[in-house]
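Peer 1: Sharing a structure with you now.
Numbering (the working numbering), first residue to last: 481 to 957.
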């Protein structure tokens, strides 16, 4: 394949695809192609982190905002259907779970209408879809409908097609290659070259070709500069050296991501590891905030203030270490307790009593602030705790009747703004970190990763890659 040029992409007037491996300059290509266009383009992706990344690149390259609109497929589809509720038959402002698939079906009916196509054609003269390997079959059908009346260029990498949605992912062999024209492939591993890690970038390029050929990657021989293999069992609690590899990154201001596989068991492992590291590495949460919403629903359904408070204590333990040692026995039972000479943290006791006597979101937030700021605690799920504190703020400031309604309001804003990366040492799953870039990557239990998860994990670190494995070749299966 040939390296695609921005003008070729901008001038293309049909249905085309670009194979874009991780870190090869896909976002840069999209921005340059939009810059070449004389009319407004619609740029779609899957996450708001992706939206922010594309917008940032547009600004860096001086692309005028009048030339593009960047959005997620889900958000753009929802807004279009809500703008024409009678025609689309859609009125749900906050879809959840299986409702998203129903939304896409409603949008397909809408896109079949001539007047809707005219409205869209008068607004945009072309479409770009980023990270196309993350499209579900329904999302692909929707994009294909847009491609009926607008030039459509899709960019993605089938080797990164890992997913966690119920609908099956789009099959490139049957749904892309026969119907979309190949416009080229990105050939240069810019992420690593720009970081000065040429050996790492070139090694990953060779590893990609090996994986595509059905071969395994040899990690037992001489590895390039920036790559190291470590054999250690993180579950062996008698091995005092199991966390040493994490500590060497702590004095570095660079970003570090430790990566687990994407199944539910591994998601729980990320939280356990963050706790074991006393919050020095923080665990990343799912955008949907399932754990948070589960807690809030139980909290609001509690029959007494005492039961609600005890649920809050259990939630605090999911976010911070050292929580149990802060309270008296009475406080742990959800009772208003008296201060004695043995009371170690009187401010926390007073705050707990204030909430138990007057259970408001303001008192609960003040209580959690004291827990967070206490030197005896360490936050290991910063993302989860910060979201909860923000939801309490919405409830306090917004005049919303319930905490759950406040959570939905905050969640809508969170989806659009994305998660701010304030902590630079993180642990997450392949599903949560794909599409993101860090300085250093540590692959936890690389032996458990299949080919695609392995490639996603290997390509997250721009400067170094640490592989924890007991095998000599990957993937193991």
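All C-beta atoms, glycine included, are put in the ideal place defined by N, C-alpha and C. If you're wondering where the values come from, they're calculated on a predicted model, not measured in any experiment.
Could you please give me the residues that DSSP links to residue 632 through a beta bridge?
Peer 2: Answer by DSSP bridge pairing, in chain order: 495 and 607.
Peer 1: Please name the residue, chosen from 839, 812 and 841, that lies closest to residue 829 on a Cα-to-Cα basis.
Peer 2: With distances taken between Cα atoms, residue 829 lies closest to 812.
Peer 1: From 630, 585 and 679, pick the residue whose C-alpha is nearest to that of residue 597; which is it?
Peer 2: Comparing Cα-Cα distances from residue 597 to each of 630, 585 and 679, the minimum goes to 630.
Peer 1: Once the 5 residues before and after residue 562 are set aside, which same chain residues still bring their CB inside 6 Å of it?
Peer 2: Contacts found: none.
Peer 1: Sort out for me which residues DSSP pairs residue 649 with in a bridge.
Peer 2: Looking at the DSSP assignment, residue 649 forms a beta bridge with 616.
Peer 1: For residue 883, collect the residues of the same chain with a Cβ closer than 8 Å to its Cβ; drop the 5 residues on either side in sequence, then sort them by chain order.
Peer 2: Excluding residues within five positions, the ones whose Cβ falls inside 8 Å are 776, 779, 780, 841, 871, 872 and 875.
Peer 1: When the Cβ atoms of the segment 484-497 are set against those of the segment 511-530, are three or more pairs found closer than 8 Å?
Peer 2: The segment 484-497 vs the segment 511-530: in contact.
Peer 1: Assign residue 689 to buried or exposed, taking buried as 16 or more other Cβ atoms, counted over all protein chains shown, within 10 Å of its Cβ.
Peer 2: Answer is exposed; the Cβ neighbour count stays below 16.
Peer 1: For residue 518, does the three-state DSSP call read helix, strand or coil?
Peer 2: In this structure, residue 518 counts as coil in the three-state DSSP scheme.
Peer 1: Could you tell me the boundaries of the alpha helix (DSSP H) in which residue 780 lies?
Peer 2: Where residue 780 is concerned, the enclosing alpha helix (DSSP H) stretches over 770-781.
Peer 1: Return helix, strand or coil for residue 596, following the three-state DSSP convention.
Peer 2: If DSSP states are grouped into helix, strand and coil, residue 596 belongs with the helices.
Peer 1: Assuming residue 566 is part of the alpha helix (DSSP H), what are its boundary residues?
Peer 2: That run of the alpha helix (DSSP H) goes 565-568.
Peer 1: Between the segment 801-815 and the segment 851-861, are three or more C-beta pairs nearer than 8 Å?
Peer 2: Touching, yes.
Peer 1: Given residue 583, which residues of its chain have a CB within under 7 Å of its CB, disregarding the five upstream and five downstream residues?
Peer 2: The answer, listed in chain order, is 557, 558, 561, 570 and 575.
Peer 1: Does the separation of the CB atoms of residue 504 and residue 691 fall below 9 Å?
Peer 2: Not a contact, by the Cβ cut-off of 9 Å.
Peer 1: Using the Cα positions of residue 660 and residue 889, report the straight-line distance between them to the nearest angstrom.
Peer 2: So the alpha carbons of these two residues sit roughly 39 Å apart.
Peer 1: Taking the CB atoms as reference points, tell me whether residue 612 and residue 642 lie closer together than 9 Å.
Peer 2: It is not a contact, given that the beta carbons lie outside the stated cut-off.
Peer 1: Which term fits residue 938, buried or exposed, when burial requires 16 or more other beta carbons within 10 angstroms of its beta carbon?
Peer 2: Answer is buried; the Cβ neighbour count reaches 16.
Peer 1: Taking the alpha-carbon positions, what's the residue 867 to residue 694 distance?
Peer 2: Their backbone Cα atoms lie some 42 Å apart in a straight line.
Peer 1: Go through its chain and collect everything with a Cβ distance to residue 716's Cβ below 8 Å, but skip five positions before and after it.
Peer 2: Taken in chain order, the residues that qualify are 722.
Peer 1: What's the call for residue 541, buried or exposed, on a 16-neighbour Cβ count within 10 Å?
Peer 2: Its Cβ having fewer than 16 others within 10 Å, residue 541 is exposed.
Peer 1: For a quick check, are the C-beta atoms of residue 512 and residue 696 less than 9 Å apart?
Peer 2: No, these two residues do not count as a Cβ contact at 9 Å.
Peer 1: Could you say which of 885, 760 and 685 lies nearest to residue 902 if we only look at CA atoms?
Peer 2: Answer by Cα proximity: 760.
Peer 1: State the Cα-Cα distance for the pair residue 741 and residue 764, rounded to the nearest angstrom.
Peer 2: Roughly 13 Å separates the two Cα atoms.
Peer 1: Does the segment 649-660 come close enough to the segment 675-690 to have 3 or more Cβ pairs within less than 8 Å?
Peer 2: With a cut-off of 8 Å, the segment 675-690 and the segment 649-660 do not count as touching, because too few Cβ pairs lie within range.
Peer 1: In the segment 755-841, which residue ranges form an unbroken beta strand (DSSP E) of at least 3 residues, counting only runs that do not cross its ends?
Peer 2: The qualifying runs do not exist here; there are none.
Peer 1: For residue 947 versus residue 640, is the C-beta spacing smaller than 9 Å?
Peer 2: No, these two residues do not count as a Cβ contact at 9 Å.
Peer 1: Whose C-alpha, out of 808, 663, 551 and 738, is nearest the C-alpha of residue 499?
Peer 2: When only C-alpha atoms are compared, the closest one is 663.
Peer 1: Going straight from the alpha carbon of residue 892 to that of residue 844, what length do you get?
Peer 2: C-alpha separation (whole angstroms): 23 Å.
Peer 1: I'd like to know whether the C-beta atoms of residue 783 and residue 815 end up nearer to each other than 9 Å.
Peer 2: Not a contact, by the Cβ cut-off of 9 Å.
Peer 1: Does the Cβ of residue 933 have 16 or more other Cβ atoms within 10 Å, making it buried, or fewer, making it exposed?
Peer 2: Under this definition residue 933 is a buried residue.
Peer 1: Contact defined as beta carbons within less than 8 Å: I believe residue 906 pairs with residue 762. What is the distance between those atoms, to the nearest angstrom?
Peer 2: Contact holds; Cβ gap of about 6 Å.
Peer 1: Can you tell me the Cβ-Cβ gap for residue 921 and residue 737, rounded? I've got them flagged as a contact below 8 Å.
Peer 2: Confirmed, about 5 Å.
Peer 1: Please classify residue 903: does DSSP put it in a helix, a strand, or coil?
Peer 2: In this structure, residue 903 counts as coil in the three-state DSSP scheme.
Peer 1: Roughly how many whole angstroms lie between the Cα atoms of residue 590 and residue 527?
Peer 2: The straight-line gap from Cα to Cα measures roughly 23 Å.
Peer 1: For residue 922, list the residues DSSP reports as bridge partners.
Peer 2: 738 and 946, per the DSSP bridge assignment.
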